[in-house]
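In this note's numbering, the protein residues as written are 984 to 1202. The beta carbon of each residue, even a glycine, is placed where N, CA and C say it ideally should be.
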C-alpha cells in the first residue's frame, strides 16, 4: 500500500479488524525500506492487536518489527509511545525485551553497551537479522547518536565519537550530516544553540530608591 492509501485507511478504518493485514504489509514495506516509517500506522496496528488479540498469528513478530523500526528513529521517544500499547507478557519475550534494553542504553547514552546488545539482535534473532545487518540501519543509528552527541559537544575527541558510533573509520563519521569536519583527533559538530556558548546578558537591577518607595507605599 502507498503512503496515501495508508493515510486514508487511518482516517476511515483505523479500528476495523480488516485493517490488520494491510497494516502488517505496510510494516513489511517499512522493514524492506520501500515505504516511509510511520508511527501512526504502527501504533494503530498495536492497538488493533489489543482489540482483536486472536485475529493474527503473527502479532508477536510484527510487534518486534515495529519496535525495531521505532528504535531506528532514535532519539525520538516513539518506542515508549508503542510500549503503552503492548502487554507485559509480550514485553518480556526474549526479542522484545532485548529491543527495549537497547533503547534504554541509547536513552541513557550508554552507547558501547547498546552496540553490544544490538549485535545480539543481529546474531540471535532471525526475524530481525536482515534489518539489523542493513547498512541503512547502521547509518540511521549512527546519525541518531551523532545528533545526541551534537547537543553536548561542539567538538569531541575522535576516540569518544568512534566508540559511540561503533566505528574506527573517519569516513563513517565525516559523512554524517551532524559532523562539520574531523581535525586530526577531534570531531567538530554542527553549531547549535545547545552546543554553542552563549553570551551572558546582564540587566540592570532594581534601583534601591524604587524599592524603598514600594515598601513605603505598602505600609
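Collapsed DSSP secondary structure at residue i in the structure displayed
{"i": "residue 1003", "result": "helix"}
{"i": "residue 1139", "result": "strand"}
{"i": "residue 1034", "result": "helix"}
{"i": "residue 1173", "result": "coil"}
{"i": "residue 1168", "result": "coil"}
{"i": "residue 996", "result": "coil"}
First and last residue of the uninterrupted alpha helix (DSSP H) at residue i
{"i": "residue 1094", "result": "1094-1107"}
{"i": "residue 1016", "result": "Here residue 1016 belongs to no alpha helix (DSSP H), and DSSP marks it neither H nor E."}
{"i": "residue 1180", "result": "First-last for residue 1180: undefined, no H or E at that position."}
{"i": "residue 1082", "result": "1077-1090"}
{"i": "residue 1159", "result": "Note, residue 1159: premise wrong, no alpha helix (DSSP H); not H, not E."}
{"i": "residue 1222", "result": "With the chain covering 984 to 1202 only, the question about residue 1222 has no answer from this structure."}
{"i": "residue 1068", "result": "Element bounds for residue 1068: n/a, residue is neither H nor E."}
Residues of its chain near residue i, where Cβ-Cβ distance is below 7 Å and the 5 sequence neighbours each way are ignored
{"i": "residue 1047", "result": "1078, 1079, 1082, 1110, 1111"}
{"i": "residue 1020", "result": "1013, 1052, 1056"}
{"i": "residue 1159", "result": "1125, 1126, 1129"}
{"i": "residue 1054", "result": "1062, 1082, 1085, 1086"}
Cβ-based neighbour list, residue i, same chain, cut-off 6 Å, excluding 5 preceding and 5 following
{"i": "residue 1154", "result": "none"}
{"i": "residue 1004", "result": "none"}
{"i": "residue 1044", "result": "1110"}
{"i": "residue 1001", "result": "none"}
{"i": "residue 1213", "result": "A query on residue 1213 cannot be resolved here, the shown segment of the chain reaching from 984 to 1202 and no further."}
{"i": "residue 1185", "result": "At residue 1185 the pLDDT is 48, less than 50, meaning the model places this residue with poor confidence; the figure from the coordinates comes in the next sentence. Within the same chain, residue 1185 has no close Cβ partners at all."}
{"i": "residue 1039", "result": "1003"}
{"i": "residue 1098", "result": "1149"}
{"i": "residue 1022", "result": "1061"}
8 Å Cβ shell around residue i - same chain, five flanking residues per side excluded
{"i": "residue 1161", "result": "1126, 1129, 1130, 1132, 1133, 1172, 1173"}
{"i": "residue 937", "result": "For residue 937 there is no data in the structure shown, the boundaries of the chain being 984 and 1202."}
{"i": "residue 1140", "result": "1168, 1169, 1170"}
Legend entry - Stretch-stretch touch, CB-based, cutoff 8 Å, three pairs: the stretch 1145-1161 with the stretch 1117-1128: yes
Legend entry - the stretch 1059-1072 contacting the stretch 1107-1126, beta-carbon criterion three pairs below 8 Å: no
Inset, instruction - Please confirm if the stretch 986-996 is in contact with the stretch 1091-1107, defined as three or more CB-CB distances below 8 Å between the two stretches. - result: no
Inset, instruction - Could you tell me whether the stretch 1012-1027 touches the stretch 1037-1052, where touching means 3 or more Cβ pairs closer than 8 Å? - result: yes
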